[in-house]
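Have a look at the structure below, then the notes.
In the working numbering, the protein residues as written are 2 to 398.
The following block contains the structure:
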């Protein structure tokens, strides 16, 4: 009885923590990783920096929404599969419900005040990502070799703008780690307890592949629900490089066949920029406004589940194998290089798109710096920085 009560309490804790993050995590997937690090590494100490970097590296390797996959993996480690589902639900539902409300005609970020608030939220992303880089660089690039790997990774991501560049950069970092980071005794400290049995992981991977393989059949069954599910599942299964990359895939899958018109698609995309939580919840909006049935609430549910499902199946299936690789001495050397590459990827993302799209003048520089100092020196809770910079953006813009 006590064990069951403790499990229920832990699941409730996971849900509440991620629900708060889902309500306050503005700024896109890179900023979300900063929020997660602050919450689970710095504040709650559920993870070490190395363990968190392992999760980030794994999720960057896989297609799908990296920040949502990272949150799901943290939930799985903390409370098993139900913990992962609780983490995903808590982080996803606030944004999904807001996008559903927008689909019914609610427009929050319109007019000069709304645009100013949106600009303030972009500056929140600047401060959050800068804080993440500051903390992770000190832990994961403590020597010249790993610092050089991080710099090389940042340069590669900035100048080689392809969908698969992040995967290549992390793989390259792992190779460099094998070559240059093998000095010293392998650590026996376990960083990442996946908590996933290999049998269950294999089932998840087979399910992912089986659904993907039968997608062409969905259009032939003359079922609008299956066709809508297939369009979203395919987009979620093929996207690499973060939430924004899914947008052209969704446009091709939904605007092309006539599920959604171009103007409605762009209106939802604009609203999604102002929402907390994962950008993939744009799918809830698209499912709700689809011209043909299912649409409304049923369409939103189909879109939301289908676009997230492939990424969650992949990360659940990969977790135990990733952990086994990391435990080997060669695996540990590779992870040192891969973790350094993750820092470089964050640096590149900080410049473009976080800095380039968020900072447009001296006032923005001052506000972003104030947010960074509040987080790093004053240890202010992230949600207070969100409110402060959103208000400042409304005032100054």
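Just so you know, even glycine gets a beta-carbon here, dropped at the ideal spot from N, CA and C. Since we're looking at a predicted model, the values are computed, not measured.
Residue i versus residue j - alpha carbon distance
i: residue 130; j: residue 224; result: 43 Å
i: residue 389; j: residue 315; result: 37 Å
i: residue 73; j: residue 343; result: 19 Å
i: residue 361; j: residue 122; result: 13 Å
i: residue 418; j: residue 346; result: There is no way to answer for residue 418, as the model of the chain reaches only from 2 to 398.
i: residue 213; j: residue 180; result: 37 Å
i: residue 273; j: residue 289; result: 14 Å
i: residue 450; j: residue 323; result: Outside the displayed range of the chain (2 to 398) lies residue 450, so it cannot be described from this structure.
i: residue 96; j: residue 13; result: 20 Å
i: residue 112; j: residue 28; result: 20 Å
i: residue 231; j: residue 251; result: 11 Å
i: residue 378; j: residue 38; result: 16 Å
i: residue 6; j: residue 84; result: 14 Å
i: residue 189; j: residue 183; result: In this predicted model, residue 189 has a pLDDT of only 47, less than 50, meaning its place in the structure is not dependable; the value taken from the coordinates is given anyway. Their backbone Cα atoms lie some 14 Å apart in a straight line.
i: residue 341; j: residue 198; result: 28 Å
i: residue 334; j: residue 216; result: 39 Å
i: residue 200; j: residue 369; result: 47 Å
i: residue 386; j: residue 126; result: 10 Å
i: residue 366; j: residue 356; result: 10 Å
i: residue 191; j: residue 396; result: Residue placement at residue 191 cannot be trusted, given a pLDDT of 49 that sits under 50; the coordinates are not used to answer.
i: residue 68; j: residue 56; result: 10 Å
i: residue 221; j: residue 254; result: 16 Å
i: residue 145; j: residue 208; result: 43 Å
i: residue 104; j: residue 34; result: 28 Å
i: residue 392; j: residue 115; result: 10 Å
i: residue 264; j: residue 90; result: 29 Å
i: residue 138; j: residue 300; result: 42 Å
i: residue 240; j: residue 266; result: 18 Å
Assigned secondary structure, residue i (DSSP; H/G/I helix, E/B strand, else coil)
i: residue 217; result: helix
i: residue 224; result: coil
i: residue 276; result: coil
i: residue 378; result: coil
i: residue 354; result: helix
i: residue 371; result: helix
i: residue 263; result: helix
i: residue 139; result: helix
i: residue 21; result: helix
i: residue 271; result: helix
i: residue 51; result: helix
i: residue 105; result: coil
i: residue 26; result: coil
i: residue 46; result: coil
i: residue 362; result: coil
i: residue 398; result: coil
i: residue 257; result: coil
i: residue 340; result: helix
i: residue 7; result: helix
i: residue 292; result: coil
i: residue 410; result: Shown here, the chain extends from 2 to 398; a query on residue 410 therefore has no answer.
i: residue 65; result: coil
i: residue 39; result: helix
Beta-carbon gap between residue i and residue j smaller than 8 Å
i: residue 337; j: residue 178; result: yes
i: residue 275; j: residue 119; result: yes
i: residue 359; j: residue 124; result: yes
i: residue 304; j: residue 233; result: yes
i: residue 308; j: residue 236; result: yes
i: residue 259; j: residue 93; result: no
i: residue 318; j: residue 206; result: yes
i: residue 202; j: residue 321; result: yes
i: residue 384; j: residue 25; result: yes
i: residue 53; j: residue 41; result: yes
i: residue 58; j: residue 171; result: yes
i: residue 80; j: residue 147; result: no
i: residue 329; j: residue 196; result: no
i: residue 261; j: residue 226; result: no
Contact belief for residue i with residue j at Cβ below 8 Å, rounded distance in angstroms
i: residue 133; j: residue 372; result: Not quite, the Cβ-Cβ distance comes to about 13 Å (not below 8 Å), so this is no contact.
i: residue 1; j: residue 88; result: The displayed coordinates of the chain run from 2 to 398. Any statement about residue 1 would go beyond what the structure contains.
i: residue 100; j: residue 286; result: 4 Å
i: residue 313; j: residue 70; result: 7 Å
i: residue 238; j: residue 64; result: 6 Å
i: residue 30; j: residue 280; result: 7 Å
i: residue 117; j: residue 394; result: 5 Å
Closer than 7 Å: residue i CB and nearest the ligand MG heavy atom
i: residue 269; result: Because no ligand of any kind appears in the structure shown, any question about the ligand MG cannot be addressed here.
CB contact check: residue i to chain D, cutoff 8 Å
i: residue 100; result: Absence of chain D from the displayed structure is noted, only one protein chain being present.
Can you find at least 3 beta carbon pairs, one from the region 336-352 and one from the region 141-156, that sit closer than 8 Å?
-> yes
Just checking, does the region 9-19 make contact with the region 292-299 on the three C-beta pairs under 8 Å criterion?
-> no
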